[in-house]
Structure formats: structure tokens, C-alpha cells
Amino acid sequence: MTIGTEKQKTILVTGGAGFIGSALASRLFAEGHQVVVVDNFNEYYDTKLKRDRVATLLPNVPVYFLDITNKEALSALFDTYTFDIVCHIAAQAGVRYSVEAPHVYVESNVLGTQTLLEVMKDHEVKRMVYASTSSTYGMSTPSPFEEHAKADKPVSVYAATKRAAELLAHSYYKQYGIETTALRFFTVYGPWSRPDMAMLKFAQKMTAGEAIDIYNNGDMRRDFTYIDDIVEGFVRAVHKPLGYEVVNLGNGHPVELMRFVALLEKSLGVSAQKNMLPMQQGDVYQTYADTSKAKELLGFEARTSFEEGIEVFARWFKDYYKV
Ligand SMILES: NC(=O)c1ccc[n+]([C@@H]2O[C@H](COP(=O)([O-])OP(=O)(O)OC[C@H]3O[C@@H](n4cnc5c(N)ncnc54)[C@H](O)[C@@H]3O)[C@@H](O)[C@H]2O)c1
């Protein structure tokens, strides 16, 4: 797809200080669009990482310290810019923390999404592409996960709030004609990733000589998807109005947890001490994307092999954390 020939758009990226939002904002700017970022810089994980990501965007991309549940502040921003499209990435992410602090998820993911849709309605912004998750499929959906599955049996509050956001988006489509594409991401990894996710958490512990926690005694599989592939799929969705849609963005090749650990050991040049543990509350055994809809609607296919991606991650990790 030749994005370079597309008309320049004014694009809002929510959660642009985050792992995926910052990579997306950077790519959209590189393609000639006017990009504006909002983020509340919450302290769910080390905010230095968020500030450092944002430093790679400034001054090209203006960054606003703003919570998407704050309707007044959001409305003022929509008065300042005439957005063509909203890329909604901001959310409280992470399955495990949703056991501890469920209200934070309802606030950012449900109230935040609804506030954003309401402000879009008021300002007649008619398109949103947003981050959803493979977690919406829960445990009872047969693998590989297909988008037509009901996804009505979430096993975590995180999953329930992300599914609720999809349902809210549908109601705004039906009532106000706001077109939305939900992209259900599958375990995204790469440079600048989140420290609460296994890859960065394991890398930090392994290089510090600490043991890593291996859940379900290592019997787990994740459909790891490299950040550049996710951004590519997202950009394609930005340029393709689809009415109301839900599309998987995954790799389609789940990786065994123990294989992932072995590759990480190899690329970091250290060996891991392992705590073998039972399954965690709210977790799922496997994520596995059926990628045919993304191919059909967006011409998207993940291109980065896990071996390649993990090497790039390890190089970034050693450089950023000076290990
Ligand atoms: N990383 C993954 O593997 C993965 C997988 C599936 C889905 N997702 C989804 O992708 C999106 C981005 O994930 P990420 O890994 O980049 O997470 P992240 O935590 O790095 O990014 C989210 C950003 O949103 C911001 N934010 C949270 N609540 C906000 C609020 N109320 N107002 C303004 N900003 C707020 C945070 O400060 C953060 O910078 C999320 O919607 C997440 O649910 C991620």
C-alpha cells in the first residue's frame, strides 16, 4: 500500500507515550501527517520510559498531558485541532494488574473510551481506529481465534473492559455514524516495550541474575507480534474506512513459552533461573490469531520472524539499560 500518496491527515493518537502509541505516532508523522498525542503519563510502570519515548517524538509531534476521562480538556483539544481521525491506543493494559485494581480499568478503558466517542460525536469526527486485544476471546473460543466468535466470556476485568469498549464503539456507529475499526492485538513485543510484559520483565531479571516466574509450568503459548508489524497493520486500517469492524492483528504462529525463554537467553547471552509456577488468575493458556480477515480487509500479514524480532529487542534492551 502506498501511504505516501495519501492526503495529509490531522490525527489524534491517545496513549502516545505508551509502547504502541509512540511507535504509531512516529510512523504517522514520518508519513507526512499532522499528529497530536495525548497521554496521562500514569505510574503503572516507570514513567521514565514514557518520557523517553515521547522525547523521540518531540518537537515534531505535540504531546499533551491529558486524561481521556476529562471531557472538558478533551473538548478543548478538539476545539484547537480539526481531527480527521482518532487512533485510540490509551488504556490501562495488563491482565494481572486488573485483579488488583479493577476500577482503574473501568475508568480508563470504558469511561475513557466513551468520553472520547462523545467528544468525537460533539465535534463531528467520524472515524476511530483503536486498540483492542486477543484477551477478549477468553478461554472458551476455539483456536485459532476468529473475529466472528462471540467473545462474551472474558476471564479478566481487563478483557471485559476492552470488549465493552468495542460494544460502545458499535453503539456510536449505529447512533451517530462514527466508523470504528477495533484491532485486536496479539502479544506485541519489540524495542520500547512494557516492563510489566514477559519479554522486558524477563530480560531485566535475567541480566540481573534473578529468577523469572514461569506460569503454568511453562505450558503456555503466545502469538507474539512484532511492533513494526502491528504499526503497519494499524496504518493500513487508518487509511481504510470499514464502517464498524473488528480485526485481529496477530502473527498467526504461536510460540511455546519455553522456546521464547531459550531464544531470549541466546540473544541476551545469559541463562535464566526459572521459578516454575501454576497458572495465574485471569490468564489464558494460549493466544492464536486467525489472520485471514486482516489479510482480506487490510492486505496485512506479519512479516517479522520471532527470531529476528527478539534479536532487535535484545539489542535495544542492552543499549537502553546499558547492560
Ligand atoms: N502490548 C500488547 O501486547 C498489547 C496486546 C493487546 C492489546 N494491547 C492494547 O494496546 C494498547 C497500548 O498498549 P501498550 O502496550 O502500548 O501499553 P502502554 O501502557 O505502554 O500504553 C498505554 C498508554 O496509555 C496511557 N493511558 C492510560 N490511561 C490513560 C488515560 N485515562 N488517559 C490518557 N492516557 C492514558 C498510559 O499512560 C500509557 O502511556 C492498549 O489499549 C492495550 O490494551 C496491547
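Residue numbers (the numbering used here): 1071 to 1393. We put the CB at the ideal spot given by N, CA and C, even for glycine. These numbers were taken from a predicted model, which means no experiment stands behind them.
For Met1269, the uninterrupted alpha helix (DSSP H) segment begins and ends at Ala1268 to Thr1277.
Look at Leu1319 here: in three-state DSSP terms it is strand. Sequence-distant Cβ neighbours of Val1174 in its own chain, meaning closer than 6 Å and more than five residues away, are Gln1162.
When the beta-carbon positions are compared, Lys1232 and Ser1202 come within less than 7 Å of each other. In this structure, DSSP gives Met1328 a helical state, which the three-state scheme calls helix. Inter-segment contact for the stretch 1336-1350 and the stretch 1296-1307 is absent: fewer than three beta-carbon pairs are separated by less than 8 Å. When C-alpha distances from Glu1326 are compared across Pro1311, Glu1188, Ala1268 and Lys1365, the shortest belongs to Ala1268.
Looking from the CA of Gln1356, the closest CA among Thr1206, Ala1093 and Gln1104 belongs to Thr1206. Remark: the shortest separation between the CB of Thr1257 and any heavy atom of ligand 1 falls under 6 Å.
Bounds of the beta strand (DSSP E) holding Asp1283 are Ile1282 to Ile1284.
Cα atoms of Thr1183 and Ser1341: separation of roughly 42 Å, rounded to the nearest angstrom. Here the C-alpha atom of Glu1366 lies approximately 42 Å from the C-alpha atom of Lys1392.
For ligand 1, no non-hydrogen atom lies closer than 6 Å to the CB of Lys1244. Remark: the shortest separation between the CB of Asn1130 and any heavy atom of ligand 1 does not fall under 6 Å. Counting along the chain, Phe1387 sits inside no beta strand (DSSP E); it lies in the alpha helix (DSSP H) bounded by residues Phe1376 to Tyr1391.
Fully enclosed beta strand (DSSP E) runs of no fewer than 3 residues occupy 1133-1135 and 1155-1158 of the stretch 1109-1170, in order along the chain.
Taking 3 residues as the shortest admissible run, the stretch 1190-1214 contains the following complete beta strand (DSSP E) segments, listed from N- to C-terminal end: 1197-1203. Taking a contact as a CB-CB distance under 8 Å, the pair Ile1155 and Leu1186 does not count as one, their CB atoms being some 12 Å apart. Judged by the Cβ position, Thr1183 fails to qualify as a neighbour of ligand 1 at the 6 Å threshold, every heavy atom of the ligand being at least this far. With the rule of 3 Cβ pairs closer than 8 Å, the stretch 1138-1150 does not count as touching the stretch 1086-1099. Taking C-alpha positions only, Asp1289 is separated from Met1328 by approximately 8 Å. Cβ neighbours of Ala1229 within its own chain (closer than 6 Å, five residues either side excluded): Ser1205 and Thr1206.
Note on Pro1214: 16 or more other CB atoms within 10 angstroms of its CB, so buried under the neighbour-count rule. Cβ contact annotation for Phe1111 (same chain, cutoff 8 Å, sequence separation greater than five): Ala1087, Thr1117, Lys1120, Arg1121 and Phe1135, in chain order.
Note that the C-beta distance between Val1176 and Gly1352 is not below 7 Å.
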